[in-house]
Amino acid sequence: MRKKLLLSFSISKWTLLLTLFFSNFLAFSQTNLALTANVTTSFVSEWETLEAVKDDVTPVDSNDTPRYGNWNYEQNYGVYNWVEYSWNTDQVIKSANVYWGNDGGGLLPPDDAYIEYFDGTEWVKVGDIGFLLNTYNGLNMDVTTSKIRVHMKSTTATSIIEFQVFDTELNLSTSNISELDFLEVYTSASGVVIDNNSSKSLESVKLYNVVGSMVYQATNIKAGNYTIHQSNSGVYIVEIVIDGLRYSKKVIITE
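Under mature numbering (1 follows the signal peptide of the UniProt record, and there is no 0), residues -29 to -1, 1 to 226 are what the sequence shown spells out, in order.
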């Protein structure tokens, strides 16, 4: 009996060691291409740090520093800015990650943001990227290029703490709600309407305002029509969790 137990323990121990080894191997095989890139921008405030976007330091939250910021006085509110990575040779890029900054004042999360790459002749849009705070917003792609940019704007100015570019795809924790064909989110005179045309319940629903503050939260919402009553006009982010996965969408409530 003792020999069998020892054998079982030995097999389990080696299984655990092999699992840890291959897990670490896969983790380290993902290369952040930003670390070898040259970084430029349309504008950076003189008191902010452009190089911070590629210092490979995990942010504590969206108010962390150092950071990139493009506040340039009120006359430039709502203007698109960009941060660009370039290399001397083409890179195979499979994904990008952006961690937005926010100081609750002049630097706010974007109300529009997207990734584009240079195809040798012109800039080509890859797709929109999310703008949740206190987390990475990821976008998978499959491009070969020597230049990639993230474009963004807010009602004031924007900030980036980390901008990562990888040679492997991300396991995205937050996706766009439009990827769910049974779920529709839109605005009405009453607020934000969620049409869940499935038999699944929504595990949670959250509504964030433009400065990243949560203004509404509900859990275990049954299938069907559901309204988040919100009378204040503005840009909001709806975050929905279903089947353990997060989905988000930007909505605009007008008066």
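Note that beta-carbon positions come from the ideal geometry of N, C-alpha and C, so glycine has one too.
From the DSSP output, read off the bridge partner residues of residue i.
{"i": "residue 128", "result": "78"}
{"i": "residue 57", "result": "9 and 118"}
{"i": "residue 123", "result": "52 and 84"}
Using the C-alpha atoms, what's the distance from residue j back to residue i?
{"i": "residue 208", "j": "residue 68", "result": "18 Å"}
{"i": "residue 186", "j": "residue 103", "result": "14 Å"}
{"i": "residue 166", "j": "residue 79", "result": "29 Å"}
{"i": "residue 28", "j": "residue 133", "result": "8 Å"}
{"i": "residue 225", "j": "residue 76", "result": "22 Å"}
{"i": "residue 97", "j": "residue 112", "result": "7 Å"}
{"i": "residue 86", "j": "residue 101", "result": "10 Å"}
{"i": "residue 72", "j": "residue 39", "result": "8 Å"}
{"i": "residue 116", "j": "residue 70", "result": "22 Å"}
{"i": "residue 122", "j": "residue 94", "result": "12 Å"}
{"i": "residue 215", "j": "residue 8", "result": "35 Å"}
{"i": "residue 223", "j": "residue 91", "result": "36 Å"}
{"i": "residue 125", "j": "residue 82", "result": "5 Å"}
{"i": "residue 20", "j": "residue 37", "result": "6 Å"}
{"i": "residue 173", "j": "residue 119", "result": "36 Å"}
{"i": "residue 180", "j": "residue 205", "result": "8 Å"}
{"i": "residue 62", "j": "residue 1", "result": "14 Å"}
{"i": "residue 65", "j": "residue 175", "result": "30 Å"}
What residue range does the beta strand (DSSP E) around residue i cover?
{"i": "residue 21", "result": "Premise fails: residue 21 is in no beta strand (DSSP E) and is neither H nor E."}
{"i": "residue 89", "result": "83 to 89"}
{"i": "residue 149", "result": "Counting along the chain, residue 149 falls outside any beta strand (DSSP E), and DSSP gives it neither H nor E."}
{"i": "residue 207", "result": "205 to 213"}
{"i": "residue 104", "result": "Where residue 104 is concerned, there is no enclosing beta strand (DSSP E), given that its DSSP letter is neither H nor E."}
{"i": "residue 35", "result": "Note, residue 35: premise wrong, no beta strand (DSSP E); not H, not E."}
{"i": "residue 198", "result": "195 to 200"}
{"i": "residue 190", "result": "185 to 192"}
{"i": "residue 222", "result": "216 to 224"}
If you run the structure through DSSP and keep just helix, strand and coil, what is residue i?
{"i": "residue 8", "result": "coil"}
{"i": "residue 171", "result": "coil"}
{"i": "residue 62", "result": "strand"}
{"i": "residue 47", "result": "helix"}
{"i": "residue 96", "result": "strand"}
{"i": "residue -8", "result": "Caution is warranted here: a pLDDT of 39 is assigned to residue -8, below 50, making its placement in the model unreliable, and the coordinate value is therefore given only provisionally. The answer is helix: DSSP assigns residue -8 an H, G or I state."}
>> Whether or not the segment 33 to 48 and the segment 146 to 161 are in contact is what I'm after, with contact meaning three or more pairs of Cβ atoms, one per stretch, closer than 8 Å; do they touch?
In response: no
>> Any contact between the segment 48 to 67 and the segment 12 to 20? By contact I mean 3 or more CB pairs, one from each, below 8 Å.
In response: yes
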